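A.B. asks: Handing you a structure now.
Number of protein chains: 2
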Amino acid sequence: MATTNYSRQREAIVNYLRSTTCHPTADTIYENIKKTYPKISLGTVYRNLNLLTAQGVILRLSCDDNKDHYDATTEPHHHFFCRCCKEVSDLPVKPFEPATLLGEASFSGRIESCFTYFQGVCPDCMNEEETV
Amino acid sequence: MATTNYSRQREAIVNYLRSTTCHPTADTIYENIKKTYPKISLGTVYRNLNLLTAQGVILRLSCDDNKDHYDATTEPHHHFFCRCCKEVSDLPVKPFEPATLLGEASFSGRIESCFTYFQGVCPDCMNEEETV
DNA sequence: CTAAAATTAGGAATCATTACTATAATTAGA
DNA sequence: TCTAATTATAGTAATGATTCCTAATTTTAG
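From first to last, the protein sequence lines are chains A and B.
Just so you know, we're using my numbering here: the first sequence kicks off at 104 and counts up by one.
Just so you know, we're using my numbering here: the second sequence kicks off at 104 and counts up by one.
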């Protein structure tokens with residue numbers, strides 16, 4: 104079985120994700136890591152994002168823009184997706200337990216995670232609507 | 104402003120979506136509509152799915168498989184995504200209102216919709232795990 | 001220091017989705 | 001019903017996100 108070696112590029116990816124409050128896409132992460140490691144390749148970013156997601160170090164978020172977003176905060180929390188600027192942000196609320204959300208439903212599968220997201224227009228984009 | 108004309112292909116797409124309990128992808132829809140309209144093109148399927156989504160006739164679901172899934176049931180309900188077979192199913196529970204889920208959080212944007220999904224292993228795939 | 005194993009850069013390939021265009025279907029009105 | 005304008009379609013090319021491949025580099029254990 105393959106073990107996991109250290110890599111500077113992977114460390115930089117995690118550090119970058121932990122340093123930002125938004126939930127960037129692979130391409131945004133790539134552009135930012137390039138400032139420190141100009142020769143990093145996009146394939147490396149994707150491979151490490153997949154690895155870190157599999158390890159549970161980061162979360163992959165599927166939104167409505169057909170691009171994966173990544174989040175270094177792994178404790179359960181809500182997300183808000185703006186349909187104008189396509190950015191994802193956190194909502195500062197402690198979510199309900201999956202069992203509470205499921206209610207009385209009988210489900211014979213295995214539930215491993217549960218994720219609520221809100222969609223609409225973010226404060227910034229609402230301001231732009233008004234001024235136009 | 105462009106008006107919308109009737110089209111048999113679009114009607115077939117809606118009928119197919121309403122006839123199935125799973126939430127198929129564009130490609131699956133395409134393969135099924137082809138049984139009735141062998142000459143339908145994939146572009147037509149995508150264009151109509153986008154139109155129907157914009158009209159609110161159907162819902163587009165973003166899951167973890169980088170493919171959009173479509174759902175003809177537009178009343179709020181929960182979804183379950185199986186990480187093994189990548190299928191999406193409905194959970195028969197009446198969801199909480201967005202306001203309840205948001206709790207006491209102050210959010211100055213506009214929330215238009217809210218969507219909870221559960222992830223894990225579906226009953227069928229759990230059976231396969233056991234027998235292997 | 002060295003050799004084996006893991007990771008990388010770079011680029012090609014894949015897959016879902018969108019864009020383009022000439023032809024066909026739909027619709028409103030005579 | 002016939003016709004002309006409009007809208008939708010089929011087929012194909014293009015796009016964009018993600019994955020795959022391989023030789024070269026980095027990491028690691030001894």
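Note that beta-carbon positions come from the ideal geometry of N, C-alpha and C, so glycine has one too.
Computed from a prediction, not measured in an experiment: that's the story for all the values here.
(1) Who pairs with A/Y173 in a beta bridge, going by DSSP?
(2) Could you please give the first and the last residue of the uninterrupted alpha helix (DSSP H) stretch that includes A/I143?
(3) Between the C-alpha atoms of A/C217 and A/S211, what's the straight-line distance to the nearest angstrom?
(4) Considering only residues of the same chain and omitting the five flanking positions on each side of A/V235, which have a CB-CB separation below 6 Å?
(5) Contact between the region 122-132 of chain A and the region 189-208 of chain A is defined here as three or more beta-carbon pairs at a separation below 8 Å; is this criterion met?
(6) Does DSSP classify B/D168 as helix, strand or coil?
(7) How would you list, in chain order, the residues of chain A whose beta-carbon sits under 7 Å from the beta-carbon of B/R213?
(8) Does the beta carbon of B/M104 sit closer than 8 Å to a beta carbon anywhere in chain A?
(9) Suppose you measure from the CA of A/G223 to the CA of B/I214; what does that come to, to the nearest Å?
(10) Rank A/K138, A/N118, A/K197 by C-alpha distance to the C-alpha of A/N151 and give the top, closest one.
(11) Hey, how far is the Cα of A/P198 from the Cα of B/E200?
(12) Distance check for A/H180 and A/R113, CA to CA, integer angstroms please.
(13) Residues of chain A with a CB under 7 Å from the CB of B/Y220: which are they?
(14) Give me the residue from A/T219, A/K170, A/D167 with the minimum Cα distance to A/T203.
(15) Using a beta-carbon distance below 8 Å, is A/E233 in contact with chain B?
(16) In whole angstroms, what is the alpha-carbon distance linking A/T183 and A/L194?
(17) From this set, B/T139, B/Y173, B/N169, which residue's C-alpha is nearest B/L154's C-alpha?
(18) With 16 as the cutoff for other CB atoms within 10 Å, does B/Y133 come out buried or exposed?
(19) Since A/D55 contacts B/R163 with CB under 8 Å, what's their CB separation in whole angstroms?
(20) In the DSSP assignment, what are the bridge partners of A/H126?
C.D. replies: Well, looking at it:
(1) Beta-bridge pairing links A/Y173 to A/R163.
(2) No alpha helix (DSSP H) holds A/I143; DSSP gives it neither H nor E.
(3) Per the coordinates, the alpha-carbon of A/C217 lies some 16 Å from the alpha-carbon of A/S211.
(4) Because the pLDDT at A/V235 is just 49, under 50, the model does not fix this residue reliably, and the value given afterwards should be weighed accordingly. Here the set comprises nothing.
(5) The answer is yes - the region 189-208 of chain A touches the region 122-132 of chain A, with three or more Cβ pairs under 8 Å.
(6) Three-state result, B/D168: coil.
(7) Residues of chain A passing the Cβ test: G223, V224, M229.
(8) Below a pLDDT of 50, predicted positions are generally treated as unreliable, and B/M104, at 49, falls in that range; no measurement from the model is reported.
(9) The straight-line gap from Cα to Cα measures roughly 5 Å.
(10) Selection A/K138, A/N118, A/K197 evaluated against A/N151 yields A/N118 as nearest (Cα-Cα).
(11) Each residue's Cα considered, the two are about 13 Å apart.
(12) Distance between the alpha carbons of A/R113 and A/H180: 24 Å.
(13) Within 7 Å Cβ-Cβ: F218.
(14) Proximity to A/T203 across A/T219, A/K170, A/D167 peaks at A/T219, based on C-alpha coordinates.
(15) Not a single CB atom of chain B sits nearer than 8 Å to the CB of A/E233.
(16) One detail in the question is off: residue 183 of chain A reads as Phe in this sequence, not Thr. Each residue's alpha carbon lies about 7 Å from the other.
(17) If we check each option's Cα against that of B/L154, B/Y173 comes out closest.
(18) Only buried fits B/Y133, as 16 or more other CB atoms lie within 10 angstroms of its CB.
(19) As shown, chain A starts at 104 and ends at 235. That puts residue 55 of chain A outside it, with no answer to give.
(20) Paired residues: none, contrary to the question.
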